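Sequence order for the protein chains is L and Z.
The first sequence begins at 1 in the numbering used here and counts up one residue at a time.
The second sequence begins at 1 in the numbering used here and counts up one residue at a time.
Ideal Cβ positions, reconstructed from N, Cα and C, are used throughout, including at glycine.
Only a predicted model underlies this, so the values are computations on that prediction, with no experimental measurement involved.
Read through the structure below, which is laid out as structure tokens, and then see the notes.
Protein chains: 2
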Amino acid sequence: MMSKKCKYAIKALIRLAENYGKDYLLTADIAKQANIPKKFLEQILLELKRAGYLGSKQGFGGGYYLKVHPKKITVADIYRLFDGAIALVPCVAVKYYERCDDCRDEKICLLREEFLKIKDKTRDVMKKSTILSFIKK
Amino acid sequence: MMSKKCKYAIKALIRLAENYGKDYLLTADIAKQANIPKKFLEQILLELKRAGYLGSKQGFGGGYYLKVHPKKITVADIYRLFDGAIALVPCVAVKYYERCDDCRDEKICLLREEFLKIKDKTRDVMKKSTILSFIKK
DNA sequence: TATATATCTACCTAATTGGTAGAATTAGTA
DNA sequence: TACTAATTCTACCAATTAGGTAGATATATA
Numbered sequence: 001m002m003s004k005k006c007k008y009a010i011k012a013l014i015r016l017a018e019n020y021g022k023d024y025l026l027t028a029d030i031a032k033q034a035n036i037p038k039k040f041l042e043q044i045l046l047e048l049k050r051a052g053y054l055g056s057k058q059g060f061g062g063g064y065y066l067k068v069h070p071k072k073i074t075v076a077d078i079y080r081l082f083d084g085a086i087a088l089v090p091c092v093a094v095k096y097y098e099r100c101d102d103c104r105d106e107k108i109c110l111l112r113e114e115f116l117k118i119k120d121k122t123r124d125v126m127k128k129s130t131i132l133s134f135i136k137k
Numbered sequence: 001m002m003s004k005k006c007k008y009a010i011k012a013l014i015r016l017a018e019n020y021g022k023d024y025l026l027t028a029d030i031a032k033q034a035n036i037p038k039k040f041l042e043q044i045l046l047e048l049k050r051a052g053y054l055g056s057k058q059g060f061g062g063g064y065y066l067k068v069h070p071k072k073i074t075v076a077d078i079y080r081l082f083d084g085a086i087a088l089v090p091c092v093a094v095k096y097y098e099r100c101d102d103c104r105d106e107k108i109c110l111l112r113e114e115f116l117k118i119k120d121k122t123r124d125v126m127k128k129s130t131i132l133s134f135i136k137k
């Protein structure tokens with residue numbers, strides 16, 4: 001399961017994508033339409049902005065807009081941003097690689113090869129699914 | 001990522017599978033070989049037994065053995081047992097279905113269809129990977 | 001009877017999740 | 001200049017989950 005934060009992020013991105021190339025959207029409006037607690041959404045939009053997906057403007061007439069084309073943003077990207085590694089075990093993660101602390105020797109680990117395959121495949125699935133996929137039906 | 005509990009369960013199952021059709025294995029020995037805290041492993045083996053994968057015998061000369069053929073036990077099964085739903089959102093889960101509490105109307109939900117596809121595919125991947133897959137190389 | 005084993009129940013600590021609160025900053029408008 | 005509307009920043013918080021530990025009990029064998 002993904003965290004609510006991640007789900008909210010995707011919902012917000014969908015809303016912003018529907019408005020792609022148009023005007024600014026207000027946090028309050030997105031929150032209302034997507035049914036997300038406003039103060040929580042603030043943090044999420046900020047994170048999305050820092051990650052380069054959104055632009056914003058402060059003050060009267062301000063808000064958020066989508067900077068990146070909806071087809072360029074994948075579920076894998078957003079999942080990694082909010083929930084971390086896609087891999088089932090840390091030792092086969094790409095962006096979040098870590099040694100497994102119960103592993104004596106990675107080279108002879110029985111789990112690694114198989115989990116690597118699983119990760120590659122699920123990553124492919126999540127990469128093929130973009131924000132645009134959610135909109136066009 | 002899967003929980004350590006789930007990972008430990010898979011490691012233990014692999015060990016037990018290597019011994020499939022032979023004698024009993026001791027919790028202490030599995031714990032040592034697979035580098036798992038013994039008391040923690042006890043709980044895990046008990047859960048696996050209750051789920052029907054293992055048989056056991058108490059007392060001197062006792063221990064655990066694998067009841068089900070290693071090729072019949074999938075990563076999806078064990079993941080579901082210890083970590084719950086494979087789906088990214090509760091509303092597309094099979095065994096763990098729940099309404100999303102931020103969802104106004106499931107029928108017109110933009111997320112559902114796409115997340116359903118993702119779940120079906122990742123579930124397939126995890127179902128093709130069995131305990132036997134980890135052993136034969 | 002002594003010992004070795006699984007089984008059961010309870011407990012614990014730290015991190016994470018899913019938020020809330022409120023002040024500061026920035027920009028437009030009257 | 002003062003007001004207001006918006007993002008941005010920092011701190012906090014309660015409940016849950018993760019990852020265990022501790023100790024007693026039941027059961028089987030030698």
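Next on the checklist: Between Z:Phe134 and chain L, is any beta-carbon pair separated by less than 7 Å?
Outcome noted: Numbered from its first residue, the second sequence carries residue 134 of chain Z at position 134. For Z:Phe134, the answer is yes, since a Cβ of chain L falls inside 7 Å of its Cβ.
Checklist entry - Do you know whose CA, among L:Arg112, L:Ala34 and L:Lys107, lies nearest L:Arg15's CA? => result Taking the first sequence and counting its residues from 1, the one referred to as residue 15 of chain L is at position 15. Answer by Cα proximity: L:Ala34.
Checklist entry - What residues of chain Z sit near L:Gly84, judged by a beta carbon separation below 8 Å? => result The residue you call residue 84 of chain L lines up with position 84 of the first sequence. Neighbours of L:Gly84 on chain Z, chain order: Met1.
Checklist entry - Of all the CB atoms in chain Z, is at least one closer than 7 Å to the CB of L:Asn19? => result If you number the first sequence from 1, residue 19 of chain L lands on position 19. False, the Cβ-Cβ gap to chain Z never drops below 7 Å.
Checklist entry - Closer than 8 Å, Cβ to any Cβ of chain Z: which residues of the region 42-54 of chain L, in chain order? => result none
Checklist entry - So what does DSSP say about Z:Ser56, is it helix, strand or coil? => result Locating residue 56 of chain Z in the second sequence gives position 56, where the first residue counts as 1. Note: Z:Ser56 maps to strand in three-state DSSP.
Next on the checklist: Which residues does DSSP list as the beta-bridge partners of L:Tyr64?
Outcome noted: Residue numbering aside, residue 64 of chain L sits at position 64 when the first sequence is read from its first letter. Answer by DSSP bridge pairing, in chain order: L:Leu25 and L:Ser56.
Checklist entry - So, does the CB of L:Ile118 fall closer than 7 Å to a CB anywhere in chain Z? => result Counted from its first residue, the first sequence places residue 118 of chain L at position 118. By this cut-off, L:Ile118 is an interface position.
Item to check | Distance between L:Ala76 and L:Gly62 (C-alpha atoms, nearest Å) | outcome: The count along the first sequence starts at 1 and reaches residue 62 of chain L at position 62. The count along the first sequence starts at 1 and reaches residue 76 of chain L at position 76. Taking the straight line joining both Cα atoms gives about 29 Å.
Checklist entry - Which first and last residues belong to the alpha helix (DSSP H) in which Z:Ile108 is found? => result What you label residue 108 of chain Z is simply residue 108 of the second sequence in a count that begins at 1. Element bounds for Z:Ile108: n/a, residue is neither H nor E.
Checklist entry - Z:Leu45 lies in the alpha helix (DSSP H); which residues open and close that run? => result Locating residue 45 of chain Z in the second sequence gives position 45, where the first residue counts as 1. That run of the alpha helix (DSSP H) goes Lys38 to Arg50.
Checklist entry - Does the beta-carbon of Z:Ser129 have 16 or more other beta-carbons within 10 angstroms, so that it is buried, or is it exposed? => result Start at 1 with the first residue of the second sequence, and residue 129 of chain Z comes out as number 129. Looking at its Cβ environment, which holds 16 or more other Cβ atoms inside 10 Å, Z:Ser129 is buried.
Checklist entry - Using the rule of at least 16 other Cβ atoms within 10 Å of the residue's Cβ for burial, across every protein chain shown, is Z:Arg80 buried or exposed? => result Here the question's residue 80 of chain Z lines up with position 80 in the second sequence. By the 10 Å Cβ count, Z:Arg80 comes out buried.
Next on the checklist: I need the straight-line Cα distance from L:Lys38 to L:Lys49, nearest angstrom please.
Outcome noted: On the first sequence, residue 38 of chain L is found 38 positions in, with the first residue counted as 1. On the first sequence, residue 49 of chain L is found 49 positions in, with the first residue counted as 1. Taking the straight line joining both Cα atoms gives about 16 Å.
Next on the checklist: Quick check: what's the CA-CA separation for L:Leu111 versus L:Ala28?
Outcome noted: If you number the first sequence from 1, residue 111 of chain L lands on position 111. If you number the first sequence from 1, residue 28 of chain L lands on position 28. Answer to the nearest angstrom: the Cα atoms are 46 Å apart.
Checklist entry - Are there 16 or more other CB atoms within 10 angstroms of the CB of L:Ile118, so buried, or fewer, so exposed? => result Along the first sequence, read from residue 1 onward, the residue named residue 118 of chain L stands at position 118. L:Ile118 should be labelled buried.
Next on the checklist: Let me check understanding here. Comparing Cα to Cα, which of Z:Lys136, Z:Ile86 and Z:Ser56 lies closest to Z:Met2?
Outcome noted: Here residue 2 of chain Z is taken as the residue at index 2 of the second sequence, counted from 1. Measuring from the Cα of Z:Met2, the nearest candidate turns out to be Z:Ile86.
Item to check | Of the residues L:Leu46, L:Val92, L:Gly21 and L:Ile73, the one placed nearest L:Glu113, counting alpha carbons only | outcome: As a position in the first sequence, residue 113 of chain L is number 113, starting the count at 1. Ranking the options by Cα distance to L:Glu113, first place goes to L:Val92.
Checklist entry - On the premise that L:Tyr8 lies in contact with L:Leu41, defined as a C-beta separation below 8 Å, what is that separation, rounded to the nearest angstrom? => result Start at 1 with the first residue of the first sequence, and residue 41 of chain L comes out as number 41. Start at 1 with the first residue of the first sequence, and residue 8 of chain L comes out as number 8. L:Leu41 to L:Tyr8, Cβ: 6 Å. Contact.
Next on the checklist: Less than 7 Å between the C-beta atoms of L:Lys72 and L:Gly55, yes or no?
Outcome noted: Along the first sequence, read from residue 1 onward, the residue named residue 72 of chain L stands at position 72. Along the first sequence, read from residue 1 onward, the residue named residue 55 of chain L stands at position 55. No.
Checklist entry - Listed in chain order, which residues of the region 61-75 of chain L have Cβ atoms closer than 8 Å to some Cβ of chain Z? => result Val75
Next on the checklist: If you follow the alpha helix (DSSP H) that L:Ile86 is in, where does it begin and where does it stop?
Outcome noted: For the purposes of this step, residue 86 of chain L is identified with residue 86 of the first sequence, where counting begins at 1. Unbroken run through L:Ile86: none, as it is neither H nor E.
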